[in-house]
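As structure tokens, the structure follows; a few thoughts come after it.
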Amino acid sequence: MHQTPLKSFALLFAALLAVTACQPTSTRQGETSGELVGSPSAVEQQRALEQARELARQAKESAPPQRDLHYMKAAELFMLANRQDLASEAAGQVNAGALPPPERFRWRLLGAEIELQRGAVDRAIASLEEAPPADTSKDQLQRFHKDRAAAYQRAGKMLESARARTELDKMIESPEERANNQLEIVKTLALLSDTALELLQPSPPDEMTGWMELARIFKKHGDNFTSAQPEYQAWRARFPKHPADTQIYARHYGGAVKAQTKSLARVAVLLPQSGPLQKVANAIKEGITAAHYASDPSGRPELKFYDAGNPQDLPALYQQAVQEGASAVIGPLDKDAVSVLASGGDLPVPTLALNQITQEARPPANLFQFALSPEDEARQVAERARQDGHTLALVLVANSTMGQRELNAFNTRWTELGGRVLEQAAYDEKSHDFSPQIVSLTNLDESGQRQQKLQKLLGRTLKFDPRPRRDAGFIFLSAEGSKAREIRPQLQFHRAGDLPIYTTSRVFNGEVNADRDTDINGVRFPDIPWLLVEDQGPLSRAAVAKMFPAALTQYPRLYAMGIDSYNLLFHLDRLSSGKLQETSQGKTGNLYLDENNLVHRRLVWAQITNGRPSILGYSPSTVPGAGETGAPVAEAAQPPG
């Protein structure tokens with residue numbers, strides 16, 4: 004049977020794992036490959052591709068061991084060029100069993116990186132479990148721990164990922180790299196629940212205990228550096244010899260410190276108090292109020308709400324708010340009202356609209372637009388699937404406005420990333436039988452047609468066992484929770500249940516219900532940290548629910564949006580500085596601005612396991628192209644499931 008290079012290498016790599024575990028070590032140092040995990044520029048990728056092809060050409064003309072070394076270096080460069088197919092082919096040419104131990108270890112790392120890129124996370128972890136040879140070079144040891152950290156994080160094993168980074172921390176010489184790695188340790192641990200951070204701690208004064216305590220402090224206080232400072236100082240006293248850099252507090256809160264020095268005397272909030280958006284607006288209003296009372300009293304601005312029910316009245320209402328002393332404005336919510344504001348010329352004060360619009364002209368400099376955008380989520384689905392090593396997709400979407408928007412955003416981003424949609428189908432949201440769409444999507448209908456043609460050709464009845472297509476890597480499903488719970492079992496019935504399913508946050512309504520959600524076990528989706536990452540701070544979901552009980556059951560994402568809209572006011576100057584790496588830790592995600600001052604969210608990824616969401620880590624940071632806009636909040640706010 005013919006095997007693809009990728010499959011051949013996977014089999015070869017698995018076989019070599021057993022062999023190399025028994026080999027004696029050598030004192031010879033191996034050639035280093037440098038950093039392979041990252042996001043090289045297009046120019047760097049092209050240069051790496053050219054160099055890799057030249058090395059592969061030289062390898063064909065060389066004798067061992069130079070032949071094997073050339074192929075291995077070529078494979079590493081192919082990885083840098085984001086050509087996993089060519090990397091696998093080159094790596095498969097290496098006679099790893101004949102390599103000295105340091106080079107064989109380097110080959111193992113390469114294999115783990117290829118497995119990780121193709122989404123075989125468990126294989127990657129298995130290949131990284133064996134300790135490096137005693138004489139492994141420092142560069143390769145750093146590469147080993149980076150690979151382990153990445154693999155464990157992709158598997159949702161945050162504690163193990165953080166442990167790998169603490170080992171890496173001991174080897175980094177560059178102060179800047181070490182500082183960034185330490186912030187990653189804290190960020191990774193902060194994805195654990197507060198309960199886990201407490202129960203999984205080793206006994207003090209263990210180094211990991213210190214990291215976990217620090218993560219708990221930073222997580223609890225978010226961007227509020229003032230309230231975090233006393234606890235941080237107490238932490239320093241408790242762990243005086245901890246390896247965390249003395250500037251980690253300043254680095255973590257650097258942007259927040261600058262942001263919170265901004266003085267806001269009065270904040271005007273323009274929200275409808277009646278009409279179709281009243282319930283949505285009320286949830287946002289209560290989120291804003293909760294954030295206001297949780298802020299530092301010494302710098303707390305006056306908060307005034309205005310009834311912005313009629314878009315046509317907005318210019319006069321906005322002018323009134325400014326004349327009454329507003330130094331910043333939150334709102335409006337209605338999409339038409341945002342359009343009125345965007346087309347009315349320069350704005351005198353920073354204004355955070357709670358919706359996003361499509362506009363050819365550049366919006367006014369002081370206008371910022373924030374929405375819970377389904378397009379953002381669909382793009383992050385494409386990015387996560389590509390990061391997991393997939394290239395071929397099947398798409399099943401609702402035949403609705405929301406389904407079409409998610410489809411368009413996913414397809415655009417998926418194509419940009421080099422992925423291909425093999426087949427797509429749309430279903431009626433009122434239906435409960437999705438067999439026609441699934442049969443078409445998985446080519447079961449073509450399988451049946453082939454049987455009929457063969458029977459006609461042979462003139463006799465054939466025993467037939469229809470099989471779904473095997474070339475697809477995953478399914479992008481656009482569905483609310485109730486539909487996903489119907490579709491998933493039907494995919495299993497039609498023998499497509501082993502295909503990974505990626506979807507958006509509409510699959511989860513924010514309430515954990517293991518009995519209800521066992522039907523969607525294995526489904527992956529991005530969602531806001533407020534619903535997935537447990538914390539005990541003053542703006543945790545439980546704390547806000549003490550003031551506003553509806554935060555637990557009705558529009559929870561909009562409560563989080565209200566919290567973020569208030570806190571974002573203090574960070575707009577920093578986020579709009581032009582530095583795309585600037586983010587704000589929000590309840591709706593890690594927030595950042597694009598060149599048109601649209602707010603985007605990096606979400607937390609989760610997978611349903613035993614009916615409960617388990618965290619897989621944050622989405623990669625990307626800035627969509629101009630002109631890609633978010634959801635009308637009223638549409639995005641419908642409680643999923």
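In this note's numbering, the protein residues as written are 4 to 644.
We put the CB at the ideal spot given by N, CA and C, even for glycine.
Pair within 8 Å by beta-carbon distance, L578 and L596: yes
Assigned secondary structure, G481 (DSSP; H/G/I helix, E/B strand, else coil): Note that residue 481 is Ser in the sequence shown here, rather than Gly. DSSP places S481 in strand when its eight states are reduced to three.
Selected residue, minimal CA-CA separation from K338, among H73, P275, F308: P275
Close beta carbons around E53, own chain, < 8 Å, minus the five adjacent residues each side: Here the set comprises nothing.
Under the three-state DSSP convention, the category S617 falls into: Residue state, collapsed to three classes: strand.
Cβ neighbours of G406 in the same chain (closer than 6 Å, five flanking residues each side left out): V400, S481
Status (buried if at least 16 other CB within 10 Å, exposed otherwise) for S130: buried
The segment 607–625 contacting the segment 517–534, beta-carbon criterion three pairs below 8 Å: yes
Distance CB(A271)-CB(A319) smaller than 8 Å: no
Neighbourhood of K288 by C-beta, 6 Å cutoff - its chain only, sequence neighbours within 5 removed: Non-local beta-carbon contacts of K288 in its own chain, meaning distances under 6 Å to residues more than five positions away in sequence, involve L274 in chain order.
Extent of the continuous beta strand (DSSP E) run through N593: Boundaries of the beta strand (DSSP E) around N593: 593–596.
Bounding residues of the beta strand (DSSP E) (the contiguous stretch that carries A55): Boundaries for A55: no beta strand (DSSP E) harbours it, while the alpha helix (DSSP H) harbouring it runs 45–63, taken from the DSSP string.
Bridge partner(s) assigned by DSSP for V515: Paired residue(s): none; V515 is not in a bridge.
Proximity below 8 Å, CB of L535 to CB of I618: Result yes, Cβ atoms of L535 and I618 sit closer than 8 Å.
Three-pair Cβ contact test at 8 Å for the segment 67–83 versus the segment 106–120: Cβ pair count under 8 Å is three or more, so yes.
Distance CB(A388)-CB(Y505) smaller than 8 Å: yes
Span of the beta strand (DSSP E) around E163: No beta strand (DSSP E) holds E163; the alpha helix (DSSP H) holding it covers 161–172.
DSSP three-state assignment for V400, whether helix, strand or coil: strand
Three-state secondary structure assigned by DSSP to E363: Residue state, collapsed to three classes: coil.
Presumed contact (8 Å Cβ cut-off) between A218 and A193, rounded CB distance: Right, the Cβ-Cβ distance comes to about 5 Å (below 8 Å), so this counts as a contact.
V325 - containing alpha helix (DSSP H), residue span: Per DSSP, V325 is one residue of the alpha helix (DSSP H) stretching across 317–326.
Extent of the continuous beta strand (DSSP E) run through H603: Where H603 is concerned, the enclosing beta strand (DSSP E) stretches over 602–605.
Sheet register partners of F437 (DSSP bridge): According to DSSP, F437 bridges with nothing at all.
Any chain D beta carbon closer than 8 Å to Q362: No chain D appears in this structure, which consists of one protein chain only.
Cβ-Cβ distance between D530 and V607 below 8 Å: Yes, they are a contact pair.
Between the CA atoms of V526 and L410 - distance to the nearest angstrom: If I take the Cα positions, the gap works out to 18 Å.
The alpha helix (DSSP H) enclosing E180, as first and last residue numbers: 178–192
Residue range of the alpha helix (DSSP H) that includes T292: 281–297
Segment limits, alpha helix (DSSP H) that includes F2: Because residue 2 is not part of the residues shown, which for the chain are 4 to 644, the question remains open.
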